[in-house]
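So the sequence shown is numbered by UniProt numbering: it starts at 1 and just counts up by one.
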Amino acid sequence: MNGRDSGDRTFLGIAIPYSTESRHCLLSLPTFTVLHMYRLYRYGQMGKKKSFSRNLSIFSSSFSLSHYLNIPRPSPFLIYTQPLIKSVCFDMASSLRIGTSVLRSSLAGKPVVHSAALNGLRCYSTSKAKTLKETFADKLPGEIEKVKKLRKEHGNKVIGELTLDQAYGGARGVKCLVWEGSVLDSEEGIRFRGYTIPECQKLLPKAPGGEEPLPEGLFWLLLTGEIPSEQQVRALSAEWAARSDLPKFIEELIDRCPSTLHPMAQFSLAVTALEHESAFAKAYAKGINKKDYWNYTFEDSMDLIAKLPTIAAKIYRNVFRDGKVAPIQKDKDYSYNLANQLGYGNNNDFVELMRLYLTIHSDHEGGNVSAHTTHLVGSALSSPMLSLSAGLNGLAGPLHGLANQEVLNWLTKMKAAIGNDLSDQAIKDYLWSTLNAGQVVPGYGHAVLRKTDPRYVSQREFALRKLPDDPMFKLVSQVYKIAPGVLTEHGKTKNPFPNVDAHSGVLLQYYGLTEANYYTVLFGVSRALGVLPQLIIDRALGAPIERPKSFSTEAYAKLVGAKL
């Protein structure tokens, strides 16, 4: 512990980390207080609910429940014990039959007095780092005012034109959605809150010894617009781990699904069923102020994200393995836990791949099917569970999230056809055979991009470091070299360059995750990290229900003066 000679002391039977050099307790005050109260509770000295709540409010200092997950100093002990604190609190609440809302209210109470028994203890303060929720709440008034000012001063300004082709062509390029998290430039690629993927890889906190950004950091960035500190990211990892337990009925629901049911259908089903746990739905049914919508949406989103790795892993283990799923490790990050539950936690490179994968697949503007669907359903004040489930159903479509599966299938067929001949001519001939058969080259082209997708580039750079001699990676590299020229010559695509789907399947297959029809589930876990921040923002800004105008073909003809 920072070079100190440390050991354990006991307090009411609890082993407490103790520095023998500085002779003081290494626990934060809230942590020590909770443990102290826990022992009192166990010895039967705090058996009454009212007394428990009052004392918890007195002792808890001015921190909300999520503050217990903050890491005040870079201490391995504190990093490990923060998730325990929440578990201890809820164990006490559950055993004493105290409602969760009462517990949260008590933990959020401001201090009235500190126990004299704790005077003189030199305990670390946790007051320096703000939680994600507090950071967002602090920024919210300014964001609301900014939007009000923009609409008041420029609300009647024209921001674009609409052609008949756009109406019939999937609304391509129509400027009509508000999406704060990311903006996609046709030449530059995606920017997350103004940061490119290389910048995010450089600036976002990483796991100890890791090279790739932690997706927890990206989630923080998408919601707040700020790069979080390492301490804040570790706190978020711990909070998600603490919220990760699945209700028993969800586990049973997944277990009852036939193995022949597509993994994405199972995934969507489980997420929909979590509606039973929705804080937003329950609060709305009782009646809440519109200004509080975002608060419950935030809580649901945090709970939902926390549970997705276990849901995704349980589906994978049921369909493709022995059905056994490792428990969430409370001291590990989100990507590690997902990799470990899938069965690959002992492979550090695969864990790093998950960190990269979850980060770059999270968000890609608001107009894609999964993002727009989540936003659309959420605009009806459906819960985050129902909204995300709808988005996942869109993601499952062959033209959206299933594309990486199709790429891998296409590459596998190519490998079987050309064998080990990776010459330029062999690749070119196979590309032309695909196009001449009236098929598309999967993984190439994009509705907006006009250059190589930077998400593809980040995966390629990962492969060059980790698996440069893999035969399938070499095939992907050759296709990358030849395909743009062939597609340009073919003349039927505006973007002949690879997108994110052209590479991800090959990386997953290399590490042993070969079940291609499962890949979209991982995409879905990642996409939740991008669409749910916007859902929280939507409710915070009071976004209305979405209701564009539609016309029939006859009405459009009349509108443009055409005779049919």
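Glycine included, C-beta positions come from ideal geometry on N, C-alpha and C.
- Under the rule that a run must span 3 or more residues, the beta strand (DSSP E) segments found entirely inside the segment 141-204 read 182-185, 189-192.
- Per the DSSP secondary-structure output, K133 pairs with nothing in a beta bridge.
- In this structure, I305 places its C-beta atom within 8 Å of the C-beta atom of L529.
- Taking C-beta atoms under 8 Å as the contact rule, F497 and Y444 qualify, at a distance of about 7 Å.
- S433 is classed as exposed because its beta carbon has fewer than 16 other beta carbons within 10 Å across all chains shown.
- Scanning the segment 390-453 from its first residue to its last, the whole alpha helix (DSSP H) runs of 4-plus residues come out as 403-418, 424-436.
- Our two residues, H503 and P327, have alpha carbons roughly 30 Å apart in a direct line.
- Residue nearest to L308 within the set E299, L246, L353, Q329 is L246 (criterion: CA-CA distance).
- The beta carbons of Q166 and H375 sit about 19 Å from each other, so the pair does not count as a contact at 8 Å.
- Counting every other CB atom within 10 Å of its CB across the protein chains shown gives V479 a total of 16 or more, marking it as buried.
- By the neighbour-count definition (other C-beta atoms within 10 Å, threshold 16), P258 is an exposed residue.
- A direct Cα-Cα distance of roughly 43 Å separates I315 from E489.
- By the neighbour-count criterion, in which a residue is buried when 16 or more other Cβ atoms sit within 10 angstroms of its Cβ, A437 is exposed.
- Judged by beta-carbon spacing, L392 lies beyond the 8 Å limit of M302, meaning their Cβ atoms are not closer than that value.
- Look at P258 here: in three-state DSSP terms it is coil, with no helix or strand label.
- In the three-state scheme derived from DSSP, where H, G and I count as helix and E and B as strand, P263 is classed as helix.
- Taking each of Y357, S387, L381 in turn and checking the Cα distance to A371, the smallest one comes out for S387.
- Bounds of the alpha helix (DSSP H) holding H490 are 471-490.
- Beta-bridge partners assigned by DSSP to P498: Y444.
- Inclusion of D333 and K466 in the CB contact set at 8 Å is not warranted, their separation being larger than that value.
- Here the alpha carbons of Y518 and F473 stand approximately 20 Å from one another.
- Distance from the Cα of C176 is smallest, within the candidate group P398, E188, A283, K157, for K157.
- Counting C-beta atoms within 10 angstroms of its own C-beta, K146 has fewer than 16 neighbours from the protein chains shown and is therefore classed as exposed.
- When DSSP reads this structure, K206 sits in a beta bridge with P213.
- S526 and R172 have their C-alpha atoms some 24 Å from each other.
- When C-beta atoms of the segment 279-296 are compared with those of the segment 349-361, fewer than three pairs fall below 8 Å, so the two segments do not count as touching.
- Under the DSSP assignment, N340 falls in the alpha helix (DSSP H) whose first and last residues are 334-342.
- Under the three-state reduction of DSSP, T553 is assigned to helix.
- When secondary structure is reduced to three states using DSSP, P548 falls in the coil class, being assigned neither helix nor strand.
- The Cβ atoms of L162 and V174 lie closer than 8 Å to each other.
- An exposed status is given to F249, since fewer than 16 other beta-carbon atoms sit within 10 Å of its beta-carbon.
- Here DSSP, grouped into helix, strand and coil, assigns Y511 to coil.
- Cβ neighbours of T359 within its own chain (closer than 6 Å, five residues either side excluded): P213, P215, L218.
- Between V407 and D453 a beta carbon distance of about 13 Å is seen, past the 8 Å cut, so the two are scored as non-contacting.
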